[in-house]
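In the working numbering, the protein residues as written are 24 to 88.
Taking it in order: structure first as structure tokens, then the write-up.
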Amino acid sequence: MRTSLSHQRPAAAHPALRERPDDIPPLVEHLLARIARHRKTKPCHIAPAALRRLLSHPGPATSAN
Numbered sequence: 024m025r026t027s028l029s030h031q032r033p034a035a036a037h038p039a040l041r042e043r044p045d046d047i048p049p050l051v052e053h054l055l056a057r058i059a060r061h062r063k064t065k066p067c068h069i070a071p072a073a074l075r076r077l078l079s080h081p082g083p084a085t086s087a088n
């Protein structure tokens, strides 16, 4: 088995999530469902106010900014 990373396929580049705000609600729902499956509980849903807060958050600064 080769251990070199040079033989692996490169990851696809995607725009930053802050540039794709429409992707945030389904991503949050997916993550909540995944956590619920892991915990073997019913999935919960994010409150509209919490989702608005997530969407209005500017996100972390990067070294490119």
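C-beta: ideal position from N, C-alpha, C; glycine also.
Check	Outcome
Local conformation of H53 per DSSP, three classes	helix
For R43 and N88, the rounded distance between their alpha carbons	With a pLDDT of 49 at N88, under the threshold of 50, the modelled position of this residue cannot be trusted; read the value that follows with caution. Near 18 Å, if we compare the C-alpha coordinates of R43 and N88.
Own chain, CB closer than 7 Å to P66, minus 5 neighbours either side, in chain order	L55, A56, A59
Opening and closing residue of the alpha helix (DSSP H) in which R76 lies	71-79
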